[in-house]
Amino acid sequence: MIVKLFFGIVGLAIAPFLGGLISGLDRRITARMQSRFGPPVLQPFYDVLKLLGKTPSAVNAWLILCSYFALMSSAFAVFLFFYQADLLLIFFVMTVGAVFQVMGALSVNSPFSQTGAQRELLQMLAYEPLLIIVFIGIALKTGSFSIESVYAQESPLLYSMPLLFIALGVALTIKLRKSPFDISASHHGHQEIVRGVLTEYTGPQLAMLEIAHWLDVVLILGLCSLFWATSWVGMLILIVITYFVEMLIDNITARLTWKWMLERVLLPSMVLCILNLLWLYALK
Amino acid sequence: MKFDLKKWIRTGSLKSPWVLHFDCGSCNGCDIETLACLTPVHDVERFGIINVGNPKHADVLLVSGTVNHRNKVVLKNLYDQMAHPKAVIALGACGLNGGIFHDAYNVVGGVDKVIPVDVYVPGCPPKPEAIIDAVVVALGKLKGMLENEDAPGAGEKQADAERDKAANA
């Protein structure tokens with residue numbers, strides 16, 4: 001119990017730095033893929049420090065409250081992950097943060113913010129069922145929703161749930177707002193819906209959401225690592241490969257519409273999930 | 285070693301200037317040169333510069349073209365929506381004083397007729413190198429502003445406020 005608490009607190013302390021570094025490496029490698037030199041690896045930290053120093057200029061109290069809640073729930077979800085808690089609990093805590101971020105964006109009149117918020121809701125509609133089904137798959141295999149039981153497995157989960165891992169990869173791409181699912185915040189084309197869901201968050205609030213995003217990245221990569229929970233090296237290799245593929249997809253695809261996301265991505269991924277669930281059920 | 289958050293924030297502010305580019309009735313010559321800075325040849329992202337579309341996220345306002353009676357309100361609005369600390373760069377002959385359009389009936393003049401300008405970049409159009417240099421100079425000014433912020437009787441912040449007041453009048 002004490003050991004788990006220790007893991008949780010240490011994990012939560014390291015996660016923001018890890019997330020920032022991943023984000024910095026991501027920007028650097030993305031730049032190299034586009035034959036540019038790219039920013040320093042520490043660039044995301046400079047950005048967040050700068051944003052923290054800007055004069056606060058939120059247009060209403062909701063934006064401030066929502067950014068705090070989004071950060072807190074992301075942090076709590078990461079803590080629960082390292083605490084090896086229940087997967088469903090982690091899922092619900094993570095969702096609360098995402099919902100608060102959308103609520104903040106909906107609390108202002110800006111059309112860009114409103115559009116971004118609606119699109120973010122659609123993205124949630126796409127990735128949440130996938131995550132839930134992945135968790136159900138883990139529970140079918142291990143007999144429990146607890147992360148502890150995943151670590152108790154003797155062979156990697158990837159062998160018995162490869163299709164669910166692909167679905168988790170899709171959910172990861174949507175959650176990370178990477179192209180082609182970059183529809184709520186238009187990360188690469190800043191001008192298109194002027195950062196959509198993030199339009200009205202400024203200065204310190206934007207910094208908090210950025211940190212929350214780093215924590216989400218760590219959490220989802222952590223969930224990916226559960227698929228090779230038998231060895232540290234395997235876990236690391238799996239995460240590195242997964243993230244590299246994410247970056248590759250980010251760079252070779254254009255942004256697509258939410259309809260395309262729901263019809264061509266969510267439905268096939270659901271089919272993959274259900275096939276994998278049936279297979280797990282048959283093996284039992 | 286003392287943990288000094290203010291110093292860290294200052295470092296961050298100087299290493300991540302997000303630029304808002306506003307075409308204030310330019311012929312697009314300056315705008316093309318500005319966008320050339322983002323290409324792999326010049327790649328301003330290596331200095332942490334990002335071309336953002338949202339004044340609320342921006343640190344540096346890059347204005348090209350003459351100001352006319354129609355868009356002076358828009359320009360003022362964009363400037364007001366940017367959070368402190370911020371800097372303004374006027375681009376090209378038209379941004380400086382109206383250029384060849386200076387005596388047209390609908391033209392107010394250079395950018396500094398409406399908002400306070402920190403750096404002027406001459407040229408028709410200026411080279412991308414000159415534009416990147418302007419952002420660096422603006423960062424130098426910003427640095428002075430940030431360092432003087434907590435010095436006793438510091439003028440810069442106050443001067444900034446006064447500048448704003450004058451611009452509002």
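Protein chains in written order, with the working numbering: chain A, 1 to 284; chain B, 285 to 453. Don't be surprised by glycine CBs; every beta carbon is placed ideally from N, CA and C.
Distance between residue j and residue i (C-alpha atoms, nearest Å)
i: residue 345 of chain B; j: residue 67 of chain A; result: 26 Å
i: residue 277 of chain A; j: residue 162 of chain A; result: 11 Å
i: residue 225 of chain A; j: residue 70 of chain A; result: 24 Å
i: residue 212 of chain A; j: residue 74 of chain A; result: 6 Å
i: residue 132 of chain A; j: residue 18 of chain A; result: 25 Å
i: residue 414 of chain B; j: residue 245 of chain A; result: 38 Å
i: residue 429 of chain B; j: residue 339 of chain B; result: 20 Å
i: residue 300 of chain B; j: residue 336 of chain B; result: 12 Å
i: residue 317 of chain B; j: residue 404 of chain B; result: 15 Å
i: residue 27 of chain A; j: residue 36 of chain A; result: 11 Å
i: residue 237 of chain A; j: residue 401 of chain B; result: 51 Å
i: residue 57 of chain A; j: residue 107 of chain A; result: 15 Å
i: residue 5 of chain A; j: residue 85 of chain A; result: 10 Å
i: residue 293 of chain B; j: residue 313 of chain B; result: 35 Å
i: residue 124 of chain A; j: residue 151 of chain A; result: 28 Å
i: residue 305 of chain B; j: residue 155 of chain A; result: 54 Å
i: residue 41 of chain A; j: residue 298 of chain B; result: 16 Å
i: residue 93 of chain A; j: residue 148 of chain A; result: 18 Å
i: residue 15 of chain A; j: residue 310 of chain B; result: 46 Å
i: residue 431 of chain B; j: residue 394 of chain B; result: 29 Å
i: residue 183 of chain A; j: residue 170 of chain A; result: 14 Å
i: residue 271 of chain A; j: residue 234 of chain A; result: 28 Å
i: residue 437 of chain B; j: residue 360 of chain B; result: Confidence in residue 437 of chain B is poor, its pLDDT being 47 and thus under 50, which makes the residue's placement unreliable; the coordinate value appears in the next sentence. Whole-angstrom Cα-Cα distance: 29 Å.
Residue i at chain A interface by Cβ criterion, 8 Å
i: residue 427 of chain B; result: no
i: residue 317 of chain B; result: no
i: residue 338 of chain B; result: yes
i: residue 368 of chain B; result: yes
i: residue 324 of chain B; result: yes
i: residue 330 of chain B; result: yes
i: residue 269 of chain B; result: Here chain B comprises residues numbered 285 to 453, so residue 269 of chain B is not present and cannot be evaluated.
i: residue 360 of chain B; result: no
i: residue 438 of chain B; result: For residue 438 of chain B, the pLDDT reaches just 49, beneath the cut-off of 50, and the residue's location in the model is therefore unreliable, although a value from the coordinates is still provided. So, not an interface residue.
i: residue 288 of chain B; result: no
i: residue 300 of chain B; result: yes
i: residue 307 of chain B; result: no
i: residue 353 of chain B; result: no
i: residue 293 of chain B; result: yes
i: residue 402 of chain B; result: no
i: residue 327 of chain B; result: yes
i: residue 386 of chain B; result: no
Rounded Cβ spacing between residue i and residue j (contact assumed at less than 8 Å)
i: residue 23 of chain A; j: residue 39 of chain A; result: Incorrect: roughly 11 Å between the Cβ atoms, too far for contact.
i: residue 113 of chain A; j: residue 105 of chain A; result: 5 Å
i: residue 196 of chain A; j: residue 207 of chain A; result: The pair is not a contact, with the Cβ atoms about 18 Å apart (cut-off 8 Å).
i: residue 422 of chain B; j: residue 371 of chain B; result: 4 Å
i: residue 135 of chain A; j: residue 88 of chain A; result: 6 Å
i: residue 101 of chain A; j: residue 209 of chain A; result: 6 Å
Beta bridge counterpart(s) of residue i as assigned by DSSP
i: residue 288 of chain B; result: Paired residues: none, contrary to the question.
i: residue 306 of chain B; result: B/347
i: residue 146 of chain A; result: A/86
Short CB-CB distance (under 8 Å) between residue i and chain B
i: residue 54 of chain A; result: yes
i: residue 284 of chain A; result: no
i: residue 165 of chain A; result: no
i: residue 212 of chain A; result: no
i: residue 39 of chain A; result: yes
i: residue 117 of chain A; result: no
i: residue 179 of chain A; result: no
i: residue 150 of chain A; result: no
i: residue 184 of chain A; result: no
i: residue 13 of chain A; result: no
i: residue 34 of chain A; result: yes
i: residue 203 of chain A; result: yes
Check: Per the contact definition of three or more C-beta pairs closer than 8 Å, is the stretch 191-201 of chain A in contact with the stretch 152-159 of chain A?
Finding: Three or more beta-carbon pairs separated by less than 8 Å are not found between the stretch 152-159 of chain A and the stretch 191-201 of chain A, which leaves the two stretches without contact.
Next item on the list: Give a yes or no on contact between the stretch 251-270 of chain A and the stretch 107-117 of chain A, applying the rule of three or more CB pairs nearer than 8 Å.
Entry: Segments in contact, no.
Notebook entry, point to check: Looking at C-beta atoms only, is the number of pairs between the stretch 353-367 of chain B and the stretch 320-336 of chain B that lie closer than 8 Å three or more?
Noted result: At 8 Å Cβ cutoff, the stretches do not touch.
Check: Taking contact to mean at least 3 C-beta pairs separated by less than 8 Å, is the stretch 369-386 of chain B in contact with the stretch 409-427 of chain B?
Finding: Under the Cβ criterion (8 Å, minimum of three pairs), the stretch 369-386 of chain B counts as touching the stretch 409-427 of chain B.
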